[in-house]
Amino acid sequence: MDWGGILNNTAGWLLSPTTIAYALAATGLAVHFGYAGLLNFGMAGFMAIGAYGYAISILSFGLPWWVGILVGMVGATIFAFILGIPTLRLRADYLAIVTIAAAEIVRLLFTTTVFDRWTNSADGLAGYHAGFRAANPFPPGSYGFGPWVFTADQLWTRVFGLFLLAIAVLIVWLVMRSPWGRVLKGIREDEDAVRSLGKNVFGYKMQALVLGGIFGALGGVVISLPSAVIPGTYVTSLTFFLWTILLLGGAATVFGPALGAVIFWVIMSFLDGVLPALASAGILPISGTQAGTLRYVLVGIALMLLVIFRPQGILGNKRELTFVK
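Last residue of the sequence shown? That's 494 in this note's numbering, and every number before it is there in order.
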């Protein structure tokens with residue numbers, strides 16, 4: 170078994186654009202669920218809108234890359250209003266059903282041939298990287314050490330993604346310490362009590378949905394920076410991965426989503442290397458394909474144990490979550 174290769178590949182996921190993108194989206198989900206109590210299962214839709222808004226604005230309209238990011242953010246804001254106006258008065262499982270359906274509608278709209286001129290339907294979009302890479306401040310060459318050796322373009326993608334994540338974390342830290350954040354937490358605990366104090370509960374929920382959705386769109390942009398926008402990425406399993414990351418790090422925490430993303434993808438990468446190797450060596454009586462699937466089973470079991478024995482997550486405070494009282 171090539172332990173060196175497995176460990177190097179696992180360590181590489183610490184700074185992977187995928188890890189950073191999921192951390193961004195999970196931060197948005199923390200605003201939705203951890204602080205506002207919104208059971209949103211449609212974060213994949215916000216990520217898809219961010220990624221497609223970024224790519225389409227560059228490819229079809231020739232806009233600069235940074236304007237493409239703004240387009241993705243505006244698209245996520247519009248989607249939040251379209252989703253929130255008819256649904257934010259729903260509670261718990263009803264909201265979850267509507268949001269997961271909305272995310273699937275968004276994905277299917279991007280894959281339909283009706284909009285093939287802009288979305289390239291099921292084939293996705295590529296070739297929009299020139300502007301972003303031209304803005305790279307790092308000279309050509311190799312950077313880093315050990316398993317973290319990157320080209321200038323790879324380093325620029327990671328640095329920019331970490332920059333966006335840092336801004337998102339800072340914004341969440343600031344707003345949740347503000348009166349707005351305290352009202353939001355009150356809505357999570359008992360929205361009827363907050364409403365009796367004269368607060369516009371619907372308005373606060375909508376603001377939280379928009380803010381978290383923008384973070385999700387930025388996650389979609391980051392995950393599309395290294396390669397292409399592929400509609401198969403934004404399936405329901407993406408949202409479930411985000412929920413796993415959120416619950417792992419801590420739902421009502423500032424740094425929990427980032428920590429959860431790192432732990433989740435490091436474990437997934439490690440198991441993806443170890444389990445097929447064990448199967449090939451005859452230690453596990455299963456095929457290599459089955460070994461690759463087994464990692465999802467193990468992660469699912471770990472998540473169930475986490476919810477049972479530490480529902481607040483690694484960094485969470487048990488008093489922050491109403492469902493553990």
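Where a beta carbon is used, it is the ideal one built from N, C-alpha and C, also for glycine.
Spell out the partners DSSP gives residue i in its beta bridges.
| i | result |
| --- | --- |
| G372 | Answer is none; G372 lacks a bridge partner. |
| V398 | L294 |
In chain order, what residues of the same chain lie with their CB nearer than 6 Å to the CB of residue i, ignoring the 5 residues before and after it?
| i | result |
| --- | --- |
| A448 | I455, G457 and A460 |
| M212 | A194, L198, G385, T408 and L411 |
| Y297 | A224, I227 and L228 |
| M242 | I383 and A386 |
| W182 | T188, W434, V435 and S438 |
| F248 | I218 |
| S290 | T280 and T282 |
| L366 | none |
| E360 | V370 |
For the putative contact between residue i and residue j, defined by C-beta atoms under 8 Å, what is the C-beta separation to the nearest angstrom?
| i | j | result |
| --- | --- | --- |
| A321 | G310 | 6 Å |
| A420 | G482 | 6 Å |
| L257 | F371 | 6 Å |
| F379 | T246 | Position check: residue 379 holds Val in this sequence, whereas Phe was assumed. So it is a contact: roughly 5 Å between Cβ atoms. |
| T281 | N209 | With 8 Å as the limit, T281 and N209 do not qualify as a contact, their Cβ atoms being about 24 Å apart. |
| G442 | I175 | 4 Å |
| G425 | G485 | 6 Å |
| T288 | F279 | 5 Å |
| L264 | L207 | 7 Å |
Pick from the options: whose alpha carbon is nearest that of residue i?
| i | options | result |
| --- | --- | --- |
| I477 | L366, L416 and F424 | L416 |
| V328 | L339, W342 and Y312 | Y312 |
| A427 | A397, V338, I238 and F371 | V338 |
| I251 | F215, G174, T281 and G222 | F215 |
| G401 | Y221, N209, G173 and I340 | Y221 |
| A336 | V431, T196 and G315 | Residue 336 is actually Ile in this sequence, not Ala. For I336, the nearest C-alpha among the options comes from T196. |
| G237 | S393, L440 and A271 | S393 |
| M375 | V200, A299, F424 and F314 | V200 |
| F431 | V466, A180 and W325 | It should be noted that the sequence gives Val, not Phe, for residue 431. V431 has its Cα closest to that of A180, out of V466, A180 and W325. |
| E358 | L278, A261 and G173 | A261 |
| G389 | G244, D171 and G173 | G244 |
| W172 | G469, V468 and A446 | A446 |
| G469 | L440, A450 and G451 | L440 |
| K499 | T422, V466 and L474 | No information on residue 499 is available, as it lies outside the stretch 170 to 494 that the chain covers here. |
| F202 | G381, S347, N305 and A270 | G381 |
| V406 | E273, F230, F314 and D285 | Correcting the residue identity first, residue 406 is Ser in this sequence and not Val. Checked all of E273, F230, F314 and D285; the closest Cα to S406 is E273. |
Apart from the five residues on each side of it in sequence, which residues of its chain come closer than 7 Å, Cβ to Cβ, to residue i?
| i | result |
| --- | --- |
| I399 | G293 |
| L353 | Y204, A205, Y373 and A377 |
| K368 | V352 |
| V391 | P186, I189, A190, L193, G330 and L333 |
| K494 | Here K494 scores only 40 on pLDDT, less than 50, and its place in the model should not be relied on; the value that follows carries that caveat. Contacts found: none. |
| L184 | W317 and R327 |
| N178 | S438 and G442 |
| V344 | G350 |
| I519 | Because the chain in this structure spans residues 170 to 494, residue 519 falls outside the shown range and cannot be described. |
| F307 | A321, L324 and W325 |
| A271 | G211, G214 and L252 |
| V363 | V352, G355, I356 and V370 |
| S347 | none |
Kindly list the residues whose CB is nearer than 8 Å to the CB of residue i, restricted to its own chain and excluding five residues on each side of it in sequence; keep chain order.
| i | result |
| --- | --- |
| L472 | T413, L416 and L417 |
| V404 | A213 and R276 |
| L444 | L453, A460, G461, L463 and R464 |
| V283 | none |
| S396 | A295 |
| F492 | Residue placement at F492 cannot be trusted, given a pLDDT of 43 that sits under 50; the coordinates are not used to answer. |
| L232 | S226 and V240 |
Give a yes or no on whether the minimum CB-CB distance between residue i and chain C is below 8 Å.
| i | result |
| --- | --- |
| V267 | Of the protein chains in the structure, only one exists, and it is not chain C. |
Using 7 Å as the cut-off, classify the Cβ of residue i as near or not near the heavy atoms of the ligand ZN, replying yes or no.
| i | result |
| --- | --- |
| A377 | Absence of the ligand ZN from the depicted structure is noted, as is the absence of any ligand whatsoever, leaving it without description. |
Run through the region 254-322 for me and flag every whole alpha helix (DSSP H) of 4 or more residues, listed as ranges in chain order.
Considered as a whole, the region 254-322 harbours 261-280, 285-288 and 299-303 as its complete alpha helix (DSSP H) runs of no fewer than 4 residues, in chain order.
List, from N- to C-terminal side, the alpha helix (DSSP H) runs of 4 residues or more that fit wholly inside the region 198-243.
Fully contained in the region 198-243 are the following alpha helix (DSSP H) runs of length 4 or more, in chain order: 212-228.
Mind pulling the alpha helix (DSSP H) runs of 4 or more residues that sit fully within the region 421-469?
The alpha helix (DSSP H) runs lying completely inside the region 421-469 and spanning 4 residues or more are 425-449, given in chain order.
Only counting runs of 3 or more residues, tell me where the beta strand (DSSP E) segments fall wholly within the region 339-383, in order along the chain.
DSSP runs (the beta strand (DSSP E)) wholly in the region 339-383: none.
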